[in-house]
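There are 2 protein chains.
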Amino acid sequence: MATIADVAKKTGLSITTISRALNNHPYVSDKTKKLIFDTMEEMDFYPNSVAQQLRGKSTKLIGVVISYITNPFFAYLVDAIEREAYERGFQVVVLQTLEDPKRELTFIDMLKKKQLDGILMTNTENDTEIIKKYLLDGRIVMCNRYIGNEKLPIIHIDEKQATYEAIKHLLEKGYRKIAYCTGSNYHKNDHRYEGYLQALSEYNLEFDEDYYFSYRLNIKDGQRTLHDIVALKEKMPDAVFANGDEVGAGIISEAPKLGIKIPKDLAVVGFDDQPIAEVLHPSLTTVRQPIKEMGKYAADVLISKLLDEDPPKPIELRTTLIIRETT
Amino acid sequence: MATIADVAKKTGLSITTISRALNNHPYVSDKTKKLIFDTMEEMDFYPNSVAQQLRGKSTKLIGVVISYITNPFFAYLVDAIEREAYERGFQVVVLQTLEDPKRELTFIDMLKKKQLDGILMTNTENDTEIIKKYLLDGRIVMCNRYIGNEKLPIIHIDEKQATYEAIKHLLEKGYRKIAYCTGSNYHKNDHRYEGYLQALSEYNLEFDEDYYFSYRLNIKDGQRTLHDIVALKEKMPDAVFANGDEVGAGIISEAPKLGIKIPKDLAVVGFDDQPIAEVLHPSLTTVRQPIKEMGKYAADVLISKLLDEDPPKPIELRTTLIIRETT
DNA sequence: CTGAAAGCGCTTACAG
DNA sequence: CTGAAAGCGCTTACAG
Chain H
1 MATIADVAKK
11 TGLSITTISR
21 ALNNHPYVSD
31 KTKKLIFDTM
41 EEMDFYPNSV
51 AQQLRGKSTK
61 LIGVVISYIT
71 NPFFAYLVDA
81 IEREAYERGF
91 QVVVLQTLED
101 PKRELTFIDM
111 LKKKQLDGIL
121 MTNTENDTEI
131 IKKYLLDGRI
141 VMCNRYIGNE
151 KLPIIHIDEK
161 QATYEAIKHL
171 LEKGYRKIAY
181 CTGSNYHKND
191 HRYEGYLQAL
201 SEYNLEFDED
211 YYFSYRLNIK
221 DGQRTLHDIV
231 ALKEKMPDAV
241 FANGDEVGAG
251 IISEAPKLGI
261 KIPKDLAVVG
271 FDDQPIAEVL
281 HPSLTTVRQP
291 IKEMGKYAAD
301 VLISKLLDED
311 PPKPIELRTT
321 LIIRETT
Chain L
1001 MATIADVAKK
1011 TGLSITTISR
1021 ALNNHPYVSD
1031 KTKKLIFDTM
1041 EEMDFYPNSV
1051 AQQLRGKSTK
1061 LIGVVISYIT
1071 NPFFAYLVDA
1081 IEREAYERGF
1091 QVVVLQTLED
1101 PKRELTFIDM
1111 LKKKQLDGIL
1121 MTNTENDTEI
1131 IKKYLLDGRI
1141 VMCNRYIGNE
1151 KLPIIHIDEK
1161 QATYEAIKHL
1171 LEKGYRKIAY
1181 CTGSNYHKND
1191 HRYEGYLQAL
1201 SEYNLEFDED
1211 YYFSYRLNIK
1221 DGQRTLHDIV
1231 ALKEKMPDAV
1241 FANGDEVGAG
1251 IISEAPKLGI
1261 KIPKDLAVVG
1271 FDDQPIAEVL
1281 HPSLTTVRQP
1291 IKEMGKYAAD
1301 VLISKLLDED
1311 PPKPIELRTT
1321 LIIRETT
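Residue numbers (this note's numbering), protein chains in the order written: chain H, 1 to 327; chain L, 1001 to 1327.
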């Protein structure tokens, strides 16, 4: 492969001048420039960006840490991030944790080893301490999920408020036995759960442990959830907060098989407003998240930190309850 | 940031020895190694991978070029590729073309500039000639879609056969007026279209231009397609090959609004077998693609070329027609 | 088992 | 407007 030295030799100019032409440095005559670029083309020369990085210290690569790219929520988030990054001259390395802490550490290592300029994390499988340092120096930005330490900056929607609104909608519609699904199994830092409790308490309803379904993430979990719900028999809930549209889709699609009418026997509220929500039958009432805005903003925050620019002005990430046929 | 020279100074050893310890070179005594690693830890030293790359010539980064990451087909493909790449020590840079040829060229440039070791392309917006050279030297591998030059290697399913089987299934069920949807608008190199024609001709049916719907890609396109179909009135087709599950989902979800019963008034066949296919009502008959196998295999082929290893042994990428309620 | 030195392909003060 | 030289942070023959 041709190097800058080859171009210098061929044109009879110095390496310095070639480099200047490459970097649009003003002090190169147009005639020289033309000679240089023609020669580069002829030699099929492209500057080695690794060498440039070693001088410039920047790879123009940002990592995006997500759990699963096949989760549409993350696919849309990555889309928004990639678009913004591209506009600002950065490329996106996708890092799936698959919920494996070891995988996540591989990516942190890439940052330590300078293979990445920065990282956008959507959640973390590891202890805060490990990444705290990078959060503070601005090379990691958290987006979407809370982590242990509430003091660290994170870009997120108001999960509590969004869930509160969804549950309140169910209550106003007359539903009283409202089940709650979550992707994990702990109450700590589950802000959606807080919103759920707040709405219940406004109607003087008590939390019922039987109505709490943990580890519900995908369509299969949703189908399973409907079976769990039906198994409660006379105690069967009359509504369910599905925590995600995929879980909601599983519940809805399984209903005919179990003779459950939605929303008559069971109302369903999703979360995310993925394209699937609209084509389900009945179509799914759900909480729309401003994914595009969140992804773009998160990318903006990270990149401006990396470039040492002024941060973008804060935006409000408003969720909206989209009411369809399942409530 | 600490460098290898700092570690050398602190330990009183030479840079060479530090480097050897780092690379697990045999000729370093265990005692020296321990001293070195302890010192590295103490100094919070991590080898700069950019400098390593400049020596080693390899970034361990592969680009994956797709049109839209929000298309579930590509999300699943990227998932499979990322998993395989990770196993082999590579990371994945996601490159969305958004169907913009300029964007695609940016990524080819990254390859030229050595920021990427190789690229996996799922289709191309540009002329073959530009990427042909890299295809031949093994740094680009095509996967999923045909491009102009049939002689170039590409990893793909048998689109023609898969479509032939889907259409034949419709014909055997008694449908005769079968509409065809495609994401583009040209017949050239549309192997699915060839399969469609082949099945029709076996039943002595002629291709009807009115039954050809171009540029159908997403749910909205599907909804629009049903309107187009109904607008054909007495010539209305009795079945439609939707070309993708999302288009199928749009057709199915729009049907109740137009008083169309599926499959009685209109049968629908999708393509991909995305999770959505199963939760639609009625559930969608579709062609299952072996995305995981294809992604893993494509990554394997590219990486073995990059590492100059023996290529993986060829596998057969079989599609399966999944018959559900829409036919 | 260890080290001095060259070199990977660039950029950038410094000097003219 | 142009060039010689140092240096980015490593690895690797070569020599001992």
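Ideal Cβ placement from N, Cα and C applies to all residues, glycine included. The model shown is predicted, which means the values in this text are computed figures rather than measured ones.
Listed as beta-bridge partners of residue 1096 of chain L by DSSP are L:1066. Within chain H, the C-beta atoms nearer than 7 Å to that of residue 1048 of chain L come from 113 and 114, in chain order. Shown in chain order are the members of the region 1058–1075 of chain L whose Cβ falls below 9 Å from a Cβ of chain H: 1059, 1060, 1061, 1063, 1064, 1068, 1069, 1070, 1071, 1072, 1074 and 1075. Of the candidates L:1003, L:1018, L:1068 and L:1080, the residue whose Cα lies closest to the Cα of residue 1043 of chain L is L:1003. Taking 9 Å as the threshold, the shortest C-beta distance from residue 110 of chain H to chain L falls below it. DSSP places residue 120 of chain H in the uninterrupted beta strand (DSSP E) bounded by 118–121. For the pair residue 1320 of chain L and residue 1287 of chain L, the CB atoms are nearer than the 9 Å cut-off. Around the C-beta of residue 174 of chain H, fewer than 16 other C-beta atoms lie within 10 Å, and the residue is accordingly described as exposed. The C-alpha of residue 1160 of chain L lies about 59 Å from the C-alpha of residue 206 of chain H. Residue pairing by DSSP places residue 1091 of chain L opposite L:1061 in a beta bridge. Neighbours of residue 167 of chain H across chain L, judged by C-beta separation under 9 Å, do not exist; the nearest C-beta is about 24 Å away.
At a cut-off of 9 Å between beta-carbon atoms, residue 1144 of chain L makes no contact with chain H.
Closer than 9 Å to the CB of residue 1157 of chain L there is not a single CB belonging to chain H. Under DSSP, the beta-bridge partners assigned to residue 212 of chain H are H:180. As summarised for the region 240–297 of chain H, the continuous beta strand (DSSP E) elements at least 3 residues long and confined to that stretch are 267–272 and 285–288, given in chain order.
When 9 Å is used as the limit between beta carbons, residue 94 of chain H is near these residues of chain L: 1064, 1069, 1078, 1082, 1091, 1092, 1093 and 1094, in chain order.
The straight-line gap separating the alpha-carbon atoms of residue 1223 of chain L and residue 1196 of chain L is approximately 22 Å. Secondary structure of residue 1018 of chain L (DSSP, three-state): helix.
In the pairwise beta carbon analysis, the region 133–142 of chain H is classified as not touching the region 1073–1090 of chain L: fewer than three pairs are separated by under 8 Å. Between the region 1245–1253 of chain L and the region 1268–1286 of chain L there are three or more inter-stretch CB-CB distances shorter than 8 Å, so the stretches are counted as touching. In the DSSP assignment, residue 39 of chain H falls within the unbroken alpha helix (DSSP H) covering 30–43.
In chain order, 219 make up the part of chain H whose C-beta sits under 7 Å from the C-beta of residue 1275 of chain L. Here the alpha carbons of residue 100 of chain H and residue 1081 of chain L stand approximately 17 Å from one another. By the Cβ neighbour-count rule, residue 1 of chain H is exposed, with fewer than 16 other Cβ atoms within 10 Å of its own. Note on residue 308 of chain H: under 16 other CB atoms within 10 angstroms of its CB, so exposed under the neighbour-count rule. When DSSP states are grouped into helix, strand and coil, residue 1004 of chain L belongs to the helix group.
Residue 321 of chain H sits in a strand when the DSSP states are folded into three classes. When DSSP states are grouped into helix, strand and coil, residue 110 of chain H belongs to the helix group. With fewer than 16 neighbouring CB atoms inside 10 Å of its own CB, residue 1318 of chain L falls in the exposed class. Here residue 1167 of chain L carries a helix assignment [DSSP, helix/strand/coil]. Residue 250 of chain H reaches chain L at 1279, counting residues in chain order whose Cβ is nearer than 8 Å. Judged by beta-carbon spacing, residue 266 of chain H lies beyond the 9 Å limit of residue 323 of chain H, meaning their Cβ atoms are not closer than that value. Take the alpha-carbon of residue 1041 of chain L and the one of residue 1218 of chain L: they are about 52 Å apart. Here the alpha carbon of residue 312 of chain H sits roughly 17 Å from the alpha carbon of residue 86 of chain H. Going by beta carbons, residue 1097 of chain L and residue 1067 of chain L fall inside the 9 Å limit. DSSP, reduced to helix, strand and coil, places residue 315 of chain H outside both helices and strands of the structure shown, so it counts as coil.
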